[in-house]
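S.K.: When we follow our numbering, the leftmost residue of the sequence shown carries the number 34, and every step to the right adds one.
Glycine included, each C-beta is placed from N, C-alpha and C at the ideal position.
Model, not experiment: these values are computed from the prediction.
Pasting a structure below so you can have a look.
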Amino acid sequence: MSQEISESTEKSVVPAADASAETAAPAQERRGRAPRRDGRRGDRRNARNAAPVDPNAPEYIDKVVHINRCAKVVKGGRRFSFAALVVSGDGKGNVGVGYGKAKEVPDAIRKGTERAHKALRPVCLRNNTIPHEVIGVHDGGEVLLRPASPGTGVIAGGGVRAVLEVAGVKDVLSKSLGSNNPGALVKATLDGLLKLRTLEQIRAVRS
34 MSQEISESTE
44 KSVVPAADAS
54 AETAAPAQER
64 RGRAPRRDGR
74 RGDRRNARNA
84 APVDPNAPEY
94 IDKVVHINRC
104 AKVVKGGRRF
114 SFAALVVSGD
124 GKGNVGVGYG
134 KAKEVPDAIR
144 KGTERAHKAL
154 RPVCLRNNTI
164 PHEVIGVHDG
174 GEVLLRPASP
184 GTGVIAGGGV
194 RAVLEVAGVK
204 DVLSKSLGSN
214 NPGALVKATL
224 DGLLKLRTLE
234 QIRAVRS
């Protein structure tokens with residue numbers, strides 16, 4: 034008698050659990066929600082709110098050269114602000130410099146990057162080096178650039194190296210002859226690159 038009661042209770046309990054599982058699964062499917070991960074909603078909402086990606090957008094190489102921190106003393110203490118010097122280029126002969134200021138470092142870098150993208154300017158290159166020797170000057174900064182044979186690499190440092198790399202120069206010799214200020218070095222290097230002319234351009238001017 035006791036065996037019959039236990040068998041009847043097992044039969045009555047097991048199908049109930051299966052039925053609840055079967056009814057719960059279609060309910061989730063009807064709601065259309067993605068499964069939760071670690072107590073959070075699925076990625077469907079993030080994908081819905083994400084900005085569309087433009088496949089035709091150009092790819093830029095961005096490098097932060099220098100970040101300056103400024104402190105303003107007020108009644109309650111100090112207030113800090115940051116300024117970021119950023120150089121950008123496509124590695125194919127276009128380079129730009131941007132300077133952004135904000136109260137947080139990421140915002141300053143973002144502003145500097147956006148301004149560098151808007152300030153892109155083409156420079157003349159010959160294969161992986163520069164066409165001829167040139168000296169760039171800006172304020173107290175003075176930079177000498179010389180072409181180099183293949184395999185030499187970028188012999189430069191600091192802001193000069195960053196500008197040359199984003200511009201697409203792979204073999205070059207350089208020497209700083211003036212101030213070591215990052216802004217002056219970067220703009221002097223850019224001034225030197227903008228002075229470059231190819232042989233065809235020089236012939237066209239002389240003819």
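Within the chosen definition, does the stretch 170-190 reach the stretch 143-154 through at least 3 CB pairs nearer than 8 angstroms?
M.R.: No: the two stretches stay apart, fewer than three of their Cβ pairs being nearer than 8 angstroms.
S.K.: Decide if the stretch 112-120 is in contact with the stretch 129-142; the criterion is three or more beta carbon pairs, one per stretch, under 8 angstroms apart.
M.R.: Because the criterion of three Cβ pairs below 8 angstroms is met, the stretch 112-120 and the stretch 129-142 touch.
S.K.: For the beta strand (DSSP E) that contains D140, what are its first and last residues?
M.R.: Careful: D140 lies outside any beta strand (DSSP E), inside the alpha helix (DSSP H) at 138-151.
S.K.: List the DSSP bridge partners of H165.
M.R.: DSSP lists no partner for H165.
S.K.: With DSSP run on the structure shown, which of helix, strand or coil describes K125?
M.R.: Looking at K125 - three-state DSSP - the assignment turns out to be coil, as it is neither helix nor strand.
S.K.: Rounding to the nearest angstrom, what Cα-Cα distance links G126 and K108 in this structure?
M.R.: Cα-Cα distance, rounded: 49 angstroms.
S.K.: Rounded to whole angstroms, how far is the Cβ of T162 from the Cβ of V202, which I believe are closer than 8 angstroms?
M.R.: Their Cβ separation, rounded to whole angstroms, is 6 angstroms, which keeps T162 and V202 in contact under 8 angstroms.
S.K.: Using the C-alpha atoms, what's the distance from R143 back to L177?
M.R.: Between L177 and R143, the C-alpha separation is close to 30 angstroms.
S.K.: State the CB to CB distance for the pair L223 and V130, rounded to an integer number of angstroms; the pair is presumed to be in contact (CB under 8 angstroms).
M.R.: That pair is a contact at about 6 angstroms.
S.K.: From L232 to L226, what distance separates their C-alpha atoms?
M.R.: So the two alpha carbons sit approximately 15 angstroms from each other.
S.K.: Would DSSP call V202 helix, strand or coil?
M.R.: Coil, per DSSP.
S.K.: Go to A221, then tell me how far its alpha helix (DSSP H) extends in each direction, as first and last residue.
M.R.: First-last of the alpha helix (DSSP H) with A221: 215-227.
S.K.: In angstroms, rounded to a whole number, what distance separates the CA positions of A221 and L206?
M.R.: One C-alpha to the other measures close to 15 angstroms.
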